[in-house]
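To convert, take the position in the sequence shown, counting from 1, and add 5; that gives this note's numbering.
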Amino acid sequence: MQTSMEISAAAALQQRFSDCVPFGGDDNWADHEIAGCVFKDARLGRRYAKLLKRMGSAMGESIPLVCQDWANTKAAYRFFASERVSEADILGGHFKSTRDRFAASSGTILILHDTTEFTYQREQPALIGSTKSVNSGKDKAGRVRSHTICGILMHSSLAVTTEGLPLGLAAVKFWTRKKFKGTNALKKKINPTRVPIEKKESVRWLENLTQSTELLGEPPRCVHIGDRESDIYELFCKAHESGTHFLVRTCVDRLAGNGAHKVSDEMDEVAVKGVHRVEVGDGKGGTSQAVLEIRYRRIRVLPPIGKQRRYPGLDLTVIHAKERGAPKGRKPIDWKLITDLAVGSKKDAIEKLDWYAMRWKIEVFHKILKSGCKAEDAKLRTAQRLANLISVYCILSWRVFWMTMMNRATQSASPKLALTEMEITLLDNLMRDTGRNPAGPKALPHYLTKIARLGGYLARASDPPPGNKVIWKGLSRLTDIELGAIIGARLVGN
Numbered sequence: 006m007q008t009s010m011e012i013s014a015a016a017a018l019q020q021r022f023s024d025c026v027p028f029g030g031d032d033n034w035a036d037h038e039i040a041g042c043v044f045k046d047a048r049l050g051r052r053y054a055k056l057l058k059r060m061g062s063a064m065g066e067s068i069p070l071v072c073q074d075w076a077n078t079k080a081a082y083r084f085f086a087s088e089r090v091s092e093a094d095i096l097g098g099h100f101k102s103t104r105d106r107f108a109a110s111s112g113t114i115l116i117l118h119d120t121t122e123f124t125y126q127r128e129q130p131a132l133i134g135s136t137k138s139v140n141s142g143k144d145k146a147g148r149v150r151s152h153t154i155c156g157i158l159m160h161s162s163l164a165v166t167t168e169g170l171p172l173g174l175a176a177v178k179f180w181t182r183k184k185f186k187g188t189n190a191l192k193k194k195i196n197p198t199r200v201p202i203e204k205k206e207s208v209r210w211l212e213n214l215t216q217s218t219e220l221l222g223e224p225p226r227c228v229h230i231g232d233r234e235s236d237i238y239e240l241f242c243k244a245h246e247s248g249t250h251f252l253v254r255t256c257v258d259r260l261a262g263n264g265a266h267k268v269s270d271e272m273d274e275v276a277v278k279g280v281h282r283v284e285v286g287d288g289k290g291g292t293s294q295a296v297l298e299i300r301y302r303r304i305r306v307l308p309p310i311g312k313q314r315r316y317p318g319l320d321l322t323v324i325h326a327k328e329r330g331a332p333k334g335r336k337p338i339d340w341k342l343i344t345d346l347a348v349g350s351k352k353d354a355i356e357k358l359d360w361y362a363m364r365w366k367i368e369v370f371h372k373i374l375k376s377g378c379k380a381e382d383a384k385l386r387t388a389q390r391l392a393n394l395i396s397v398y399c400i401l402s403w404r405v406f407w408m409t410m411m412n413r414a415t416q417s418a419s420p421k422l423a424l425t426e427m428e429i430t431l432l433d434n435l436m437r438d439t440g441r442n443p444a445g446p447k448a449l450p451h452y453l454t455k456i457a458r459l460g461g462y463l464a465r466a467s468d469p470p471p472g473n474k475v476i477w478k479g480l481s482r483l484t485d486i487e488l489g490a491i492i493g494a495r496l497v498g499n
């Protein structure tokens, strides 16, 4: 659910965006993102550079269409299938660019963590693995049937400013379940709270927190954001050990104080500290206003009983934002957040709610992966090949997301922050300025709007800012136009 808390603070971002740009001038954006890559063979690096540029120019298209001929297509398949290529090799340069953008920015940076799954139809699903088991109905005898879904999972960590500008990925982990075991079945055999975190799939939350914190290099500036799946006591301790911060939505009513009561018992004693009004979208273009009652308290939180010898108690802040009344057509907002950050006022609590609301942006990033890059349409046959391909798609998706947010964040940035001279010239000639456009040099949003128009955006005065879909469609069309212009110039020159 998107609320007004998820809308970027454009005025604040206007002062900070110029330090977070991914590329500039005539440098190709792809060259910047692969500059830090290290492959086991230089030829693999050259092939990757070609692939990233080709795939960026035809986002969402198949490998044969992107490569245009059999020789390049076969080389692409060999690259993704190579045992000397991993997702770490492909994303290494992008991670370093994310670190550079982080170092150039200022203030708190949010690290958004989330898991998504990619589903595939295969004649040999064992080559990929499974993600979950689903109910298939009942057979003639009335017995419940189930089947496993073929696919892979990805846990990603996206660095964004507090105003919503994505700086890039800081960690990515792929995995697949060779043999699916349902969580409910496991709970019948063992108490999951007594299983060491290292033996659980949820250790990915700790691994990504560690990797992203070490990559960015300034733990106190980072706040790691996660949904209810990240409500893991070991994660709290790992953040404490690393000197970084966390803010997650809690779903576990943990032991508190001296262990004789729980967190909910203490929160029931807390009076409402203030109210906060937000606009809530209904998913159909409409909005309504919600009034949230805000409570918060610093509480001594204890680990589960089975882990108290290994992990210490922590002083944490619990924030509870609950909507008054029962809204029509949707569930009422009821957020219970837990963080190591101090909250001393209603203003502080609202700030943390705004930060948690930014978590929605990583879902947008995953949507671009699936809808823009069409990652689930890939025909590669093994999990490792698909992971390599999706890693390339991650960089393309980030670029589209960055351009979309830059268009909303600033009104005065130079177009050379994102576009080459040729692209600027082509856009100037393709779409003449209207009377609404002021005379003189044009800023980046002016050209990003033109790119969106190539993707189907109407740019009417009453239209909202262009979204990711029209941006990625427009970029693909602009690349085709640029290629035609280059070939045309050569033909005229001859």
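Where a beta carbon is used, it is the ideal one built from N, C-alpha and C, also for glycine.
Which residues mark the beginning and the end of the beta strand (DSSP E) in which residue i is found?
i: ALA295; result: 292-306
i: CYS227; result: 227-231
i: PRO171; result: 171-180
i: ILE343; result: 339-344
i: ILE114; result: 114-124
I'd like to know whether the C-beta atoms of residue i and residue j end up nearer to each other than 7 Å.
i: GLY173; j: TRP403; result: yes
i: ARG226; j: ILE114; result: yes
i: GLY318; j: ARG305; result: yes
i: GLY98; j: ALA47; result: no
i: ARG89; j: LYS45; result: yes
i: LEU401; j: MET159; result: no
i: THR218; j: PRO309; result: no
i: LEU214; j: LYS178; result: no
i: GLU368; j: LYS375; result: no
i: VAL280; j: ARG302; result: no
i: VAL405; j: ILE429; result: no
i: ARG254; j: LEU117; result: no
Can you look up residue i in the DSSP assignment and give me helix, strand or coil?
i: LEU358; result: helix
i: ASP31; result: With a pLDDT of only 42 at ASP31, under 50, the local geometry of the prediction cannot be trusted, and the value read off the model is given with reservation. Coil, per DSSP.
i: MET436; result: coil
i: GLY41; result: coil
i: ILE324; result: strand
i: ARG413; result: helix
i: ALA54; result: helix
i: SER350; result: coil
i: GLU426; result: helix
i: LYS375; result: helix
i: LEU431; result: helix
i: GLU487; result: helix
i: VAL405; result: helix
i: THR103; result: helix
i: THR454; result: helix
i: SER135; result: strand
i: LEU319; result: strand
i: LYS474; result: helix
i: LYS267; result: strand
i: PRO446; result: coil
i: LEU480; result: helix
i: PRO224; result: helix
i: ARG468; result: First, the amino acid is wrong: residue 468 is Asp here, not Arg. Here ASP468 sits in coil by DSSP.
i: ALA276; result: coil
i: LYS384; result: coil
i: GLU128; result: coil
The alpha helix (DSSP H) that contains residue i, what's its start and end?
i: ASP258; result: From DSSP, ASP258 is part of no alpha helix (DSSP H); its letter is neither H nor E.
i: GLN87; result: Residue identity differs from the one stated: residue 87 is Ser in this sequence, not Gln. Looking at the DSSP string, SER87 is not in any alpha helix (DSSP H), and its letter there is neither H nor E.
i: THR218; result: 208-221
i: ILE68; result: 68-72
Apply the 10 Å Cβ neighbour rule to residue i and answer buried if 16 or more other Cβ atoms are within range, or exposed otherwise.
i: ALA457; result: buried
i: LYS336; result: exposed
i: TRP210; result: buried
i: LEU163; result: buried
i: GLN129; result: exposed
i: VAL497; result: exposed
i: ARG413; result: buried
i: HIS266; result: exposed
i: SER141; result: exposed
i: GLN389; result: buried
i: GLY493; result: exposed
i: ALA466; result: exposed
Which residues share a DSSP beta bridge with residue i?
i: THR166; result: ILE114
i: GLY142; result: ARG150
i: PHE251; result: HIS229
i: MET159; result: THR121, PHE179
i: ARG282; result: VAL296
i: LEU463; result: LEU463 pairs with nothing; no bridge assigned.
Could you tell me whether any non-hydrogen atom of the ligand MN is closer than 6 Å to the CB of residue i?
i: LYS101; result: This structure lacks the ligand MN; in fact it carries no ligand of any kind.
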